[in-house]
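J.: Read left to right, the sequence shown gives residues -33 to -1, 1 to 475 (mature numbering (1 follows the signal peptide of the UniProt record, and there is no 0)). Can you keep this structure in mind? I'll have questions shortly.
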Amino acid sequence: MATAASSAPPLLAFLPLLLLLLLAAFSPATATAARPSNPKKAPFPAVAPLHLQALRQQRARAGSSAAKHVAADGASASDGTAAKPFTAHYFPQELDHFTFTPNASMLFYQKYLVNDTFWRRPGGGKGAAGPLFVYTGNEGDIEWFATNTGFMFDIAPKFGALLVFIEHRFYGESKPFGNDSYKSAQTLGYLTSTQALADFAVLIRSLKHNLSAEDAPVVVFGGSYGGMLASWFRLKYPHVAIGALASSAPILQFDYITPWSSFYDAVSQDYKSESLNCFSVLKATWDVLDERGANDKGLLELSKLFKACKTVKYAYSIRNWLWTAFTYTAMVDYPTPANFLENLPAYPVKEMCKIIDGYPTNTDILEKAFAAASLYYNYTGNLTCNPIEDEDDPHGLGGWQWQACTEMIMPMTVSNESMFPPSSFSYHDRSEECLESWGVRPRPHWVTTEYGGYKIDKVLKRFGSNIIFSNGMRDPWSRGGVLKNISSSIIALVTEKDRQPRVILTGL
């Protein structure tokens, strides 16, 4: 949405900015983090910090009924797995924060993770409590994001911070209706960004109260959709969080603010900048694929070429498989080995293009494309076949399809200059598709109504403060992000030749 061994300059660039955010809350005497004098009375058991680069992403766990449901009072739940750099907890959250209908007060248990290794607790003769660094959860299992968020762990000792990672409602284990949460629009109707932000606010306030840390400042962090939420949280709940760090947050990817072709233009430019031949091969792939997959014989041959686990029924399935590989590789084009989405080497776009350029000119184009995509799907060589048409959602991202059909309407087109086949976008067509899929029509302009976006420089300059936006121009989502400073305290950090400053997803 990089590893802990990220480049030092971008990482260190954030420390002075965070110090400014926290300056009003800390006196010089509180600069040194310390463990409590009596650990037995600590609300959370000490957790030994782990080198996050050695962790693999957490797969969604079955059997959520075994989890212990507790309030935000510091009680932990253990599942007997290997040690992790956090403990899991569950908060009784209200279903609907904005109405007083009979179902509104129904409770579900929202998962959150805590690491208190470096926290300066209130009292103990060490001055004010250390801050809470809170990760605003994305569209997936919170453990997946927490084990891939090295920057917060890197800076926690300096600030004596308590680290908290809150799972987004309807994802991971935080499903209000259990296995029926995605059953219909009647249940999914409670999956909105506004409800999620309210969840974060309620949980943070409860946690601070139960930890006797009412005066502890809160800074929210997030990457990608989580970064959008972090920036919006600062704007909507300035009394709860004194600042936000939003990495790769495309808050301007709505309405007509950002050119609709910008995302795929950026993906294409990533490959083109590595090799014009690489770009040309990938651009030519799609017509060849459609031609060969036009009949059953062709599909059988394609299934063998792409080592499908079973014969594919549609050439479109292989197209999606390739499209995903090339797009997601651009999204995680980190300068170090990473395993956030898949196990990948450093600079995977460059490595993909090396594979393509290594073939003789007259080699089958689809063979080249398959070899390049295999770097994304099978870099370790563990797969014996590719489940091209099998449904797989290892990180619990299913709810995003609902969000993308209700409020997260980000128009995207593919231009003729792109390496992907040209395509258009129609609000009407999207509305019809969503109505057919979910029985609801989207509200395409709700995000800009609720959170703003148009003339953001002028608007936030008047009333916003304490937000850091970080983007790398090789990241395709950067085009929808804030790329220029808005004020002295709303800062844009941009790297031109990198995917992004190693801020949020630095432990991948």
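In this text, a Cβ means the ideal position worked out from N, Cα and C, and glycines have one as well.
1. Find the nearest neighbour of Pro388 within the set Ser235, Ile323 and Ser455, judged by alpha-carbon distance.
2. Can you check DSSP and say which residues form a bridge with Leu80?
3. Alpha helix (DSSP H) containing Ile332: first to last residue?
4. Can you give me the Cβ contacts of Tyr326 inside the same chain, cut-off strictly under 8 Å, excluding the 5 residues immediately before and after it?
5. Please classify Arg2: does DSSP put it in a helix, a strand, or coil?
6. I'd like to know if the segment 77 to 85 and the segment 131 to 149 are in contact, where contact means that at least 3 CB-CB pairs between them fall below 8 Å.
7. Note the first and the last residue of the continuous beta strand (DSSP E) segment covering Ala459.
8. When the distance is taken between beta carbons, is Leu129 closer than 8 Å to Gln370?
9. Secondary structure at Thr103, three-state DSSP: helix, strand or coil?
10. At what residues does the alpha helix (DSSP H) containing Asn244 begin and finish?
11. By DSSP, does Met180 sit in helix, in strand, or in coil?
12. Let me check one thing: in DSSP terms, what residues is Ile434 bridge-paired to?
13. Among the candidates Asp254, Pro312, Thr347 and Phe230, whose CA atom is the shortest distance from the CA of Thr294?
14. Which residues mark the beginning and the end of the beta strand (DSSP E) in which Phe188 is found?
15. So Asp121 is in the alpha helix (DSSP H); what residue range does that whole segment cover?
16. Spell out the partners DSSP gives Glu61 in its beta bridges.
17. Along the chain, where does the alpha helix (DSSP H) that runs through Asp263 open and close?
18. Can you have a look at residue 476 and say buried or exposed, based on whether 16 or more other CB atoms are within 10 angstroms of its CB?
19. Check for me: the alpha helix (DSSP H) holding Asp324 runs from which residue to which?
20. Please report the Cβ distance between His135 and Ala163, rounded to the nearest whole angstrom; I am assuming they are in contact, meaning their Cβ atoms lie under 8 Å.
21. In the structure shown, what three-state DSSP assignment does Ala50 receive?
22. What whole-angstrom Cβ distance do Met386 and Tyr238 have, given they're in contact under 8 Å?
23. Quick one: Cα of Arg88 to Cα of His56, how far?
24. For Tyr283, report the span of its alpha helix (DSSP H) as first-last.
25. Is it buried or exposed for Ala50, if we count other Cβ within 10 angstroms and need 16 for buried?
26. Spell out the partners DSSP gives Asn452 in its beta bridges.
27. For Cys401, which option in Ser151, Asn115 and Thr84 has the closest C-alpha, if you only look at C-alpha atoms?
28. Hey, Leu202 and Gly431: beta-carbon distance below 8 Å or not?
29. As a quick exercise: from Glu399, Gly365, Ile285 and Leu243, pick the residue whose alpha carbon is nearest that of Met319.
30. Using the rule of at least 16 other Cβ atoms within 10 Å of the residue's Cβ for burial, across every protein chain shown, is Pro226 buried or exposed?
31. Measuring alpha carbon to alpha carbon, tell me which residue in Gly94, Thr415 and Arg410 is nearest Thr373.
32. Counting only the same chain and skipping the five closest in sequence on each side, list residues whose C-beta sits under 7 Å from that of Leu269.
33. Quick one: residues in its chain with C-beta nearer than 8 Å to the C-beta of Thr296, no 5 flanking neighbours on either side, listed in chain order?
34. Which first and last residues belong to the alpha helix (DSSP H) in which Ser398 is found?
35. Please find out if some non-hydrogen atom of the ligand MG comes closer than 7 Å to the beta-carbon of Phe53.
36. Would you report the Cα separation of Leu178 and Val81, rounded to the nearest angstrom?
T.: Judging by the given coordinates:
1. Ser235
2. Ala55 and Phe132.
3. Ile332 to Asn345
4. Contacts found: Glu334, Lys335 and Ala338.
5. The predicted position of Arg2 is uncertain, since its pLDDT is 33 and thus under 50; a value taken from the coordinates is nonetheless stated next. Three-state result, Arg2: coil.
6. Segments in contact, yes.
7. Ile457 to Thr462
8. no
9. In the structure shown, Thr103 sits in a strand (DSSP, three-state: E or B).
10. Start and end: Leu243 to Arg259.
11. Here residue 180 turns out to be Ala, not Met, going by the sequence shown. Correct three-state label for Ala180: coil.
12. Note: Ile434 is bridge-paired with Ala211 and Ile457 in the DSSP secondary-structure output.
13. Phe230
14. Val185 to Gly190
15. Gly117 to Phe126
16. Leu74
17. First-last of the alpha helix (DSSP H) with Asp263: Asp263 to Leu272.
18. Since the displayed the chain opens at -33 and closes at 475, residue 476 lies outside it and no answer follows.
19. Pro315 to Asp324
20. 5 Å
21. coil
22. Contact annotation, Met386 with Tyr238: C-beta distance approximately 6 Å; criterion of less than 8 Å satisfied.
23. Approximately 19 Å between the Cα atoms of the pair.
24. Ala282 to Met298
25. exposed
26. Answer is none; Asn452 lacks a bridge partner.
27. Ser151
28. yes
29. From the listed residues Glu399, Gly365, Ile285 and Leu243, the smallest Cα separation to Met319 is found for Leu243.
30. The C-beta of Pro226 has fewer than 16 other C-beta atoms within 10 Å across all chains shown, which makes the residue exposed.
31. Arg410
32. Arg259, Gly260, Val279, Ala282 and Ile285
33. Within the same chain, Thr296 has close Cβ partners Leu311, Pro315, Val316, Met319, Leu342 and Tyr343.
34. In the DSSP annotation of this structure, the continuous segment of the alpha helix (DSSP H) that includes Ser398 starts and ends at Tyr394 to Trp405.
35. Inclusion of the ligand MG in the displayed structure is not the case, the ligand content being empty and no account of it being possible.
36. 12 Å
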